[in-house]
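Below is one structure; the comments refer to it alone.
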Amino acid sequence: MPLPISAHAAMTSRQFTQPGRLMCNDGLITTDRQCWTGSHGERMQSRCFSINTDLASYREYHRGAEPDNPFAFWLRDGYAYLTPTPKNAEKRAKTLSGMRPGDVVFAYESKTRRGYIATGVVQEVWDQKLHNGRPELFRDAEEGFYRIRVSWDSTFSCSYADLTQAGLRQYLDTLVPVNDQRVAQLLRSRLGQNAGWEEREIHEQKRVEDILADDALTVTEKKQLVDARRGQGQFRCNVLQVEPRCRLTLIAHQGMLRASHIKPWRHATNRERLDGNNGLMLAPHVDHLFDDGWITFDDSGRLIISIHLPHDVLQAWHLTRDASTGVFNETQIGYLRHHRQHVFRR
6 MPLPISAHAA
16 MTSRQFTQPG
26 RLMCNDGLIT
36 TDRQCWTGSH
46 GERMQSRCFS
56 INTDLASYRE
66 YHRGAEPDNP
76 FAFWLRDGYA
86 YLTPTPKNAE
96 KRAKTLSGMR
106 PGDVVFAYES
116 KTRRGYIATG
126 VVQEVWDQKL
136 HNGRPELFRD
146 AEEGFYRIRV
156 SWDSTFSCSY
166 ADLTQAGLRQ
176 YLDTLVPVND
186 QRVAQLLRSR
196 LGQNAGWEER
206 EIHEQKRVED
216 ILADDALTVT
226 EKKQLVDARR
236 GQGQFRCNVL
246 QVEPRCRLTL
256 IAHQGMLRAS
266 HIKPWRHATN
276 RERLDGNNGL
286 MLAPHVDHLF
296 DDGWITFDDS
306 GRLIISIHLP
316 HDVLQAWHLT
326 RDASTGVFNE
336 TQIGYLRHHR
346 QHVFRR
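Numbering (my numbering), first residue to last: 6 to 351.
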């Protein structure tokens with residue numbers, strides 16, 4: 006049964022060809038742009054997986070207050086979590102071992118009959134570890150779980166009614182490849198309507214490849230710039246000197262915060278990618294909202310919330326419109342103006 010997951014790490018180096026439409030076929034995501042070159046020059050394709058995030062599982066394992074959308078934990082943590090049992094542990098491990106960066110995951114809820122509620126891109130190879138349960142999520146803190154990092158997009162949806170109308174059924178197992186071509190085609194069409202997110206992933210990956218191929222940069226500089234995309238390394242240290250805590254939650258525990266670019270990494274120069282003024286330390290769920298343009302700040306530090314942000318998210322995450330979060334310095338203000346103009350969902 007999957008742990009309720011509450012939604013960025015760098016994808017491995019890939020070479021994309023010219024852009025094309027994303028297509029699922031027999032469990033594979035196939036497209037001109039999705040074909041990539043592996044570390045040994047082999048030609049690879051991304052696979053398509055379906056994972057169950059049902060509400061019943063959420064209620065069984067989560068100990069705290071229940072937001073309207075249990076998928077908040079998936080978004081908050083940026084992972085897919087599975088709780089193995091003696092009966093299914095080997096099967097779960099085998100499936101996770103076959104997942105690779107760039108594979109596409111469709112998350113669904115079966116018990117509530119909501120259908121598919123999000124899609125994500127696998128960000129790293131499974132770590133093959135059984136992690137200890139966290140007391141805020143488990144009744145039994147000793148219960149272990151598997152996890153794999155996924156960059157989620159909750160704007161994707163394909164309802165149960167859409168599936169039944171097409172004469173299809175949901176995948177009922179916890180985590181399986183999508184091998185039904187009819188289901189794959191339906192999901193493909195919905196993903197095509199949400200192509201902006203996929204384009205962004207590809208655009209940023211091309212920037213990583215450009216950095217790695219730049220002979221003018223030292224190995225150390227390349228690592229710093231790639232780490233900065235993930236909110237790690239020197240960039241994170243630089244941001245902490247300017248923004249030591251999350252402006253909305255006031256959390257200052259470094260292990261609970263992410264270093265988020267104000268002017269997105271994909272838009273920034275190499276200098277801006279490492280500039281501590283071009284970052285905010287944010288709680289994971291706030292990072293997701295800011296990075297995807299659901300929230301921003303004005304020059305005085307006032308919180309601005311997109312009119313398109315679902316009301317249940319606004320309530321569940323206790324966001325207050327026009328909240329004052331403190332002043333920004335002049336350099337930060339310049340970056341924020343870019344965020345409001347080019348990232349914020351008006």
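The C-beta atom is built at its ideal place from N, Cα and C for all residues, glycine as well.
Per DSSP, what kind of secondary structure is residue i in: helix, strand or coil?
i: A112; result: strand
i: G339; result: helix
i: L253; result: coil
i: V127; result: strand
i: P289; result: helix
i: F240; result: helix
i: N334; result: coil
i: D232; result: helix
i: V155; result: strand
i: V181; result: strand
i: R263; result: strand
i: L222; result: coil
i: L135; result: coil
i: A273; result: coil
i: N283; result: helix
i: T169; result: helix
i: I216; result: helix
i: S329; result: strand
i: L324; result: coil
i: S102; result: helix
i: L87; result: strand
i: R345; result: helix
i: F302; result: strand
i: F54; result: strand
i: L314; result: coil
Suppose you measure from the CA of residue i to the CA of residue j; what does that come to, to the nearest Å?
i: I309; j: M104; result: 38 Å
i: G125; j: Q259; result: 26 Å
i: E114; j: E226; result: 43 Å
i: I300; j: D292; result: 9 Å
i: D317; j: I216; result: 40 Å
i: R345; j: D108; result: 31 Å
i: P106; j: V130; result: 6 Å
i: S329; j: D296; result: 19 Å
i: K92; j: L135; result: 15 Å
i: A233; j: T169; result: 44 Å
i: T100; j: D132; result: 13 Å
i: H343; j: A321; result: 28 Å
i: N243; j: A221; result: 23 Å
i: R271; j: K228; result: 16 Å
i: K96; j: L253; result: 41 Å
i: T90; j: W79; result: 21 Å
i: A166; j: Y121; result: 11 Å
i: D178; j: E277; result: 45 Å
i: F302; j: I256; result: 18 Å
i: F161; j: P269; result: 22 Å
i: D219; j: G339; result: 28 Å
i: L319; j: M261; result: 21 Å
i: N57; j: D185; result: 16 Å
If contacts are defined as beta-carbon pairs under 8 Å, then residue i and residue j qualify, I think. What distance do you get, rounded to the angstrom?
i: S164; j: R119; result: 7 Å
i: S55; j: V213; result: So it is not a contact: roughly 28 Å between Cβ atoms.
i: A94; j: R152; result: Incorrect: roughly 14 Å between the Cβ atoms, too far for contact.
i: D82; j: P289; result: 6 Å
Would you decide whether residue i is buried or exposed? Buried here means 16 or more other CB atoms lie within 10 Å of its CB.
i: V332; result: exposed
i: E248; result: buried
i: N137; result: exposed
i: C53; result: buried
i: R263; result: buried
i: R326; result: exposed
i: S44; result: With a pLDDT of only 36 at S44, under the threshold of 50, the placement of this residue in the model should not be trusted; the figure read from the coordinates follows. Counting Cβ neighbours within 10 Å, S44 comes out exposed, since fewer than 16 surround it.
i: E335; result: exposed
i: A273; result: buried
i: A189; result: buried
Is the beta carbon of residue j closer than 7 Å to that of residue i?
i: Q128; j: S156; result: yes
i: L173; j: R187; result: yes
i: L285; j: S265; result: yes
i: N282; j: Q237; result: no
i: L191; j: I267; result: no
i: F150; j: T88; result: yes
i: L287; j: C251; result: yes
i: V348; j: G298; result: yes
i: H323; j: R350; result: no
i: A112; j: A123; result: yes
i: L180; j: F240; result: no
i: N275; j: L230; result: yes
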